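Engineer: Below you will find the structure I want to go over with you.
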Amino acid sequence: MDDSYCETTPSGAAGPEDGRKGGPPYAACVQCQEPTEYPESTKGITLCPVCEWREAERTACSG
Ligand SMILES: [Zn+2]
C-alpha cells in the first residue's frame with residue numbers, strides 16, 4: 001500500500017512576497033515637512049503622526 005501520501009498540489013500557494021517598493025508618494029507635513037501617512041492626493045491639511053498627535057493634544061488641552 002502507498003502510505004506516504006504527499007500533498008504536492010499547489011493550491012494558490014504562497015508566492016514570492018514582493019514587499020513594498022517605496023510606496024506611493026506621501027504628502028509632506030504642513031508643520032515640519034516630514035512625510036505623512038497620507039497620500040499626496042489627500043486634500044486639506046496633512047500632518048505627520050507626531051504633529052497630528054500634538055495637534056490633538058493641544059486641542060484637547062485648550063480651554
Ligand atoms: Zn509634522
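1 is the number of the first residue of the sequence shown in the UniProt record's numbering; add one for each residue after it. Cβ atoms here follow ideal geometry from the backbone N, Cα and C, with glycine treated the same way. None of these values were measured; they are calculated from a predicted model.
(1) Report the residue from 33, 42, 32 whose alpha carbon sits nearest the alpha carbon of residue 24.
(2) For the beta strand (DSSP E) that contains residue 59, what are its first and last residues?
(3) Rounded to whole angstroms, what's the CA-CA distance from residue 55 to residue 6? Just pull it up for me.
(4) What number of angstroms, rounded off, separates the C-alpha of residue 29 from the C-alpha of residue 57?
(5) Label residue 27 either buried or exposed according to how many other C-beta atoms from any shown protein chain fall within 10 Å of its C-beta, with 16 as the threshold for buried.
Structural biologist: Per the coordinate set shown:
(1) Among 33, 42, 32, the Cα nearest to that of residue 24 is on 42.
(2) Run containing residue 59: none in the beta strand (DSSP E); it sits in the alpha helix (DSSP H), 49 to 61.
(3) So the two alpha carbons sit approximately 58 angstroms from each other.
(4) The alpha-carbon atoms of residue 29 and residue 57 are separated by roughly 17 angstroms.
(5) Flag for residue 27 reads buried.
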